[in-house]
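Read through the structure below, which is laid out as C-alpha cells, and then see the notes.
There are 2 protein chains.
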Amino acid sequence: MVVTIKDVARAAGVSPSTVCRALSAPELVRAETRERVRRSAAELDYSPNRAARGLITGRTGNLGLVVPDLGNPFFPGVVKGIQARAREADHAVFLADTDEDPAAEVRLVRTLAKQVDGLVLCSPRMSGTELRGFATQTPLVLLNRRVGRIPAVTVDNPGGMRQAVTHLTALGHRRIAYVAGPRTSWSNRERVRGLRAAVAAAGAHLAEIGPVQPQFDGGVAAADPVLAAGVTAVIAYNDVIALGLLSRFNARGIAVPAEISVLGFDDIALAAMVHPSLTTVGLPMESSGRAGVDLLLALLRDPEGAGATRRELGTHLMVRASTGPPPTD
Amino acid sequence: MVVTIKDVARAAGVSPSTVCRALSAPELVRAETRERVRRSAAELDYSPNRAARGLITGRTGNLGLVVPDLGNPFFPGVVKGIQARAREADHAVFLADTDEDPAAEVRLVRTLAKQVDGLVLCSPRMSGTELRGFATQTPLVLLNRRVGRIPAVTVDNPGGMRQAVTHLTALGHRRIAYVAGPRTSWSNRERVRGLRAAVAAAGAHLAEIGPVQPQFDGGVAAADPVLAAGVTAVIAYNDVIALGLLSRFNARGIAVPAEISVLGFDDIALAAMVHPSLTTVGLPMESSGRAGVDLLLALLRDPEGAGATRRELGTHLMVRASTGPPPTD
DNA sequence: GCTGAGTGTGAAATCCTTTGCGGACTCTTG
DNA sequence: CAAGAGTCCGCAAAGGATTTCACACTCAGC
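Chains as they are written, first to last, in full-length UniProt numbering: chain A, 1 to 329; chain B, 1 to 329.
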C-alpha cells in the first residue's frame, strides 16, 4: 500500500542500502546509479518513513512547542514564527497548551520530550529548578524567560519600559501608575525593574498597582485603584490588561487620553482596533519564535552549545491614540 | 541511557514479550507476573518508544491539525479544544498554519499525512476535489466545511443568522446590511443563505456589501458603503470585520447603536472588550474542536465509518451594547 | 495415569530504514 | 603483469516494540 525503500530498490534494480545512500549521502554512489534511484523514488513518490529512520538515527525531525495559553493573543504570533521557521528547516511541530497550569506544563514537557528532538518553551510557568532539570535531559530553548545557562530568546523588557517612560515624560507626565502582571512571571519582574529605573532616572513618581491576572478582568479591576492613585498616566503589564483599563475608564466617564493616558505592552493585533487605539510597546513576536527555533537547531547540531545561546530582541514603541499630554488642571 | 522494554524485562525477570503484554493486554498475563512487571516499569520510569510501536502497529498516536491563520482569533479557541480532547485520548497534536494559502495547505496536508493517524482540517481553503482526494487516502475530518461524505463538524450558520435577524427585527429594524466574507469561504455562503431566508421571512430588506477580506481593514473599507445603503443595522461576516466597522463609524462620528446597530459573528474574546461591546452570534469554538477529534477517533476505530460522521453545533446570540432600536428619525 | 483442553510465557519474525563491514571491480603504479 | 589503492555497492545487523506461533505446564475428566 504505502511505498517503502524496497519498492524503490526493486524499481531501480539496486539494494535498499544504495537507495538510502543515493538519497541521503549522494557522494557515496555513482552519478548514474544515483540518478536512476532518484527517478524511481520520484516516480513512486517515495519518502522515507520517519519513524523507522528515527528509530535508528535517534532523530525524529520533530520539535515540541509548549505555550501557556493560546487564548492570550500574544502567543499565536510567536507560534506562527516558530511554525514557519521549523517548516523551512523541514521539521514538524508538536503543539501543547498548558492552560497556564505549571503542573500540566511539567507533565506535557515530560511526555513531549520523548517524541521530539528538542523543545521550545514559551513563557514557561514552572520553577527554575524544574526547568534546569529538564534542560540537562533534553535539548531545550526558553522564550521570554532566563534560567541559568539555558539557551533563551528574550526581549529587552527594561528597554521597552524606558521607551514607554520617555514617551510619557516627554508629554509632561510626572505621576505614573503601573498595573503589574503575575508575580510568578519573569517578564513582569523584568518590566518592573526597567520601569522603576526609568521612572527614577526621569525624576518622576511611580504608583504600583496589583498584581492582577493578565486578563481583561484584571484591567477592569485595576482601573479604580489607578484613578485613586492620582496619576496622569498608567502603564499596564500587557495590552489585554490595558484594554480592561480602557473599558472601565470609559464606563466611569473618564476620557482617554484627555484625563489619563494609557499604555500597553505587546502590541497585539487588537491594540490597533479599539477606540481609542492603544499606544503600546511592540514586541517582535514572530521574530522571537524564529529565533527560538534557530537557537534550538544550533543546539541540536552542537549539543555542547559552544555557539551563542542567548538572544535579546529589541522593542518598538507604537504611539497611537491612548496617550497624550496630561490634563492642565 | 534511555530505558527500553528489555531493561524492564530484565528487572522483572521475564521476556520482553511478557512486558509488552502486561502493559497493553493485561488479561493475557497472570496477575502476579503482571504486577511484578508493572512495578519494574514504574520504577524504571519506562514508557514505550512510540516510533518503534508505530513502526509495527501502523499507529503513531499523533493527530495533525491544519489551520488557515492562527492570527485570526477564531482559531486559537478551536485549537485549544482539539488539544484538550486529543490529550485526553493520549494523542499528541501536530500543528500547521497555512497562512491562508491553499497551495501551502495542500503541501502541508501531504507531508503531515504520513506522520499522523488522522487529520483535522480547520476551515480548509483548498478545493473540494482536492479534499475528496485526500479523504480517500487518509483519515480526515473537516471543521467548518462540508464536502461530499467527508466527516465534518459544522455550526448551524443559517440558524445563527436567524437568531441575529430575529434580534434585529424585534428591535424594529427593517433595513439591514450584510458585509460579506470571502466568496471562497463555505461559512460565508452558508451565512448568506441563512440570512437571505431569515430577512425574507421577516419581510425586511437586505443590502449586501462586499465581499471584503475577513479582517479589520475589510470592515473599515465596508463602513462607508454600509452607511450609503441607508440601513439601520449591519451584520458582519465575522467579529473582526465588525470591529473595523465600529472603528470607521466612530471616526465618522456615527453613534452606535443610536444611529446604526452592529452585529458580529464568532464571539471572539475581543468582542466583549471593545466599546461599545459587540453583539454577536457566538460559536462553540472549543466544542467544535473537541467534536472534531471525537469524529476523527471514531473514524480511526472504524475506518468504514458506519457511525455518525456529521455533527452540527448550535449557535447562541450574545446581546451586548452595539445593537439597539433604530433611530426614530 | 493418560488425554485433552486451557492457560501463561518465550522465541522469533516483523515493521522500515540506516550503517559498518567487506567483497568485487577498476585503475594506477612499479 | 602483479600489487596496491580507490570506488561502488550489497549483506547483514541494529534500533524498540508488537504479535504470531509454539512450547510447557496445570488441571479436569475418564
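Backbone N, C-alpha and C fix where the C-beta goes; we use that ideal spot for every residue, glycine too.
*Residues in its own chain within less than 7 Å of B/G77 by CB, not counting five upstream and five downstream?*
Along the second sequence, one-based indexing puts residue 77 of chain B at 77. Excluding residues within five positions, the ones whose Cβ falls inside 7 Å are M285 and E286.
*Check whether the stretch 285 to 303 of chain A touches the stretch 223 to 242 of chain A, counting contact only when three or more Cβ pairs, one atom from each stretch, lie closer than 8 Å.*
no
_Which listed residue (B/G264, B/D224 and B/Q215) has its alpha carbon closest to that of B/G71_ = As a working note, residue 71 of chain B is residue 71 in the second sequence. Cα-wise, what sits closest to B/G71 is B/Q215.
*Under 7 Å between the Cβ atoms of B/A177 and B/V141?*
Position 177 of the second sequence, counted from the start, is the residue given in the question as residue 177 of chain B. Position 141 of the second sequence, counted from the start, is the residue given in the question as residue 141 of chain B. Not a contact, by the Cβ cut-off of 7 Å.
*For B/L63, I'd like the list of residues in its chain whose CB is within less than 8 Å of its CB, leaving aside the five on either flank, ordered along the chain.*
Position 63 of the second sequence, counted from the start, is the residue given in the question as residue 63 of chain B. So the qualifying residues of the chain are I82, A86, H91, A92, V93, F94, V116, D117, G118, L119, V120, V293 and L296.
*Tell me, please, whether the CB atom of B/R50 is closer than 7 Å to any CB atom in chain A?*
By one-based count along the second sequence, residue 50 of chain B stands at place 50. Yes, because at least one Cβ of chain A sits closer than 7 Å to the Cβ of B/R50.
*asked:* Below 8 Å, how does it come out for the stretch 193 to 201 of chain A and the stretch 157 to 174 of chain A: are there three or more Cβ pairs, yes or no?
replied: yes
*Quick one: grab the DSSP three-state call for B/L296.*
What you label residue 296 of chain B is simply residue 296 of the second sequence in a count that begins at 1. B/L296 falls in the helix class under three-state DSSP.
*At which residue ranges does the stretch 20 to 49 of chain B contain complete beta strand (DSSP E) runs of 3 or more residues, listed in the order of the chain?*
none
*Just tell me which of A/V165, A/L143 and A/M273 has its CA closest to the CA of A/T309.*
Locating residue 309 of chain A in the first sequence gives position 309, counting from the first residue. Residue A/L143 is the option with its Cα nearest to A/T309.
*Can you give the beta carbon distance from A/L171 to A/G324, rounded, assuming they're within the 8 Å contact cut?*
Looking up residue 171 of chain A in the first sequence gives position 171. Looking up residue 324 of chain A in the first sequence gives position 324. About 7 Å separates the two Cβ atoms, so the contact holds.
_CA-to-CA distance, B/P182 to B/N188, given in whole angstroms_ = Taking the first residue of the second sequence as position 1, residue 188 of chain B is located at position 188. Taking the first residue of the second sequence as position 1, residue 182 of chain B is located at position 182. Approximately 7 Å, taken between the alpha carbons.
*Along chain A, in chain order, which residues have C-beta atoms closer than 8 Å to that of B/L55?*
The residue you call residue 55 of chain B lines up with position 55 of the second sequence. Result: N49, A51, A52 and L55.
_Proximal residues to A/E208 (C-beta, below 8 Å), its chain only, five neighbours per side dropped_ = Taking the first residue of the first sequence as position 1, residue 208 of chain A is located at position 208. Counting only Cβ-Cβ distances below 8 Å, and skipping sequence neighbours, we find A177, Y178, A180 and V192.
*Using 7 Å as the limit for Cβ to Cβ distance, is B/F249 near chain A?*
For this step, residue 249 of chain B is matched to residue 249 along the second sequence. No, no contact with chain A.
*List, in order along the chain, the chain A residues whose C-beta lies closer than 9 Å to that of residue 333 of chain B?*
Here chain B comprises residues numbered 1 to 329, so residue 333 of chain B is not present and cannot be evaluated.
*asked:* Counting only beta-carbon separations shorter than 7 Å, does B/P76 have a partner in chain A?
replied: Within the second sequence, residue 76 of chain B is the residue found at index 76, counting from 1. Output row for B/P76: interface = yes.
_By alpha-carbon positions, which one of A/N250, A/A51, A/V79 and A/V29 ends up nearest to A/I260?_
To locate residue 260 of chain A, count along the first sequence from 1; it is residue 260. Nearest C-alpha to A/I260: A/N250.
*Please work out which residues of its chain come closer than 6 Å, Cβ to Cβ, to A/P257, disregarding the five sequence neighbours upstream and downstream, and give them in chain order.*
Here residue 257 of chain A is taken as the residue at index 257 of the first sequence, counted from 1. The residues are S322, T323 and G324.
*For A/G210, which residues from the same chain have a beta carbon less than 7 Å from its beta carbon, with the 5 sequence-adjacent residues on both sides left out?*
Along the first sequence, one-based indexing puts residue 210 of chain A at 210. Same-chain partners within the cutoff: V179, A180 and A222.
*What number of angstroms, rounded off, separates the C-alpha of B/D266 from the C-alpha of B/V281?*
Position 266 of the second sequence, counted from the start, is the residue given in the question as residue 266 of chain B. Position 281 of the second sequence, counted from the start, is the residue given in the question as residue 281 of chain B. Rounded to whole angstroms, B/D266 to B/V281 spans 6 Å at the Cα level.
*Over what stretch of residues does the beta strand (DSSP E) that includes A/V179 continue unbroken?*
Here residue 179 of chain A refers to the residue found at position 179 of the first sequence. Unbroken beta strand (DSSP E) run through A/V179: R175 to V179.
*Does B/L270 come within less than 7 Å of chain A when only Cβ atoms are used?*
Taking the second sequence and counting its residues from 1, the one referred to as residue 270 of chain B is at position 270. Yes, B/L270 lies at the interface with chain A (some Cβ there is under 7 Å from its Cβ).
*Residues in the stretch 262 to 292 of chain B having any Cβ partner in chain A nearer than 7 Å*: A269, L270, M273, V274 and H275
*So the alpha helix (DSSP H) A/I82 belongs to, where does it begin and stop?*
The count along the first sequence starts at 1 and reaches residue 82 of chain A at position 82. Where A/I82 is concerned, the enclosing alpha helix (DSSP H) stretches over F74 to E88.
*Looking at the unbroken beta strand (DSSP E) that takes in A/N238, where does it start and where does it end?*
To locate residue 238 of chain A, count along the first sequence from 1; it is residue 238. Per DSSP, A/N238 belongs to no beta strand (DSSP E) and is neither H nor E.
_Check this for me: beta carbons of B/P73 and B/L299, under 7 Å apart or not?_
On the second sequence, position 73 is the one that residue 73 of chain B refers to. On the second sequence, position 299 is the one that residue 299 of chain B refers to. No, they are not a contact pair.
*Can you list, in chain order, the residues of its chain whose CB lies under 6 Å from that of A/I150, leaving out five sequence neighbours each side?*
Against the first sequence, residue 150 of chain A aligns to sequence position 150. Contacts found: A135 and L142.
_Tell me the DSSP secondary structure of B/T315 in three-state form._
Translated into the one-based positions of the second sequence, residue 315 of chain B becomes position 315. Coil.
_Quick check: what's the CA-CA separation for B/T33 versus B/Q137?_
Sequence index remark: in the second sequence, residue 33 of chain B carries index 33 (1-based). Sequence index remark: in the second sequence, residue 137 of chain B carries index 137 (1-based). So the two alpha carbons sit approximately 42 Å from each other.
*Does any residue of chain B bring its CB to less than 7 Å from the CB of A/F134?*
As a working mapping, residue 134 of chain A is identified with position 134 in the first sequence. No - not a single Cβ of chain B is within 7 Å of the one on A/F134.
_A/P327 versus B/L206: straight-line alpha-carbon distance, rounded_ = Within the first sequence, numbered from 1, the residue matching residue 327 of chain A stands at position 327. Within the second sequence, numbered from 1, the residue matching residue 206 of chain B stands at position 206. Each residue's Cα considered, the two are about 46 Å apart.
*Are any of the Cβ atoms in chain A nearer than 7 Å to that of B/K80?*
The sequence position of residue 80 of chain B within the second sequence is 80, counting from 1. By this cut-off, B/K80 is an interface position.
_Those residues which DSSP pairs with A/D266 across a bridge_ = Counting from one through the first sequence, the residue named residue 266 of chain A turns up at place 266. For A/D266, which the question treats as bridged, DSSP gives the partners A/G282.
*Specify the secondary structure class of B/T154 as computed by DSSP and reduced to three states.*
Here residue 154 of chain B refers to the residue found at position 154 of the second sequence. Residue state, collapsed to three classes: strand.
*List the residues that DSSP assigns as beta-bridge partners of B/S261.*
Working through the second sequence from its first residue, we reach residue 261 of chain B at position 261. Looking at the DSSP assignment, B/S261 forms a beta bridge with B/A233.
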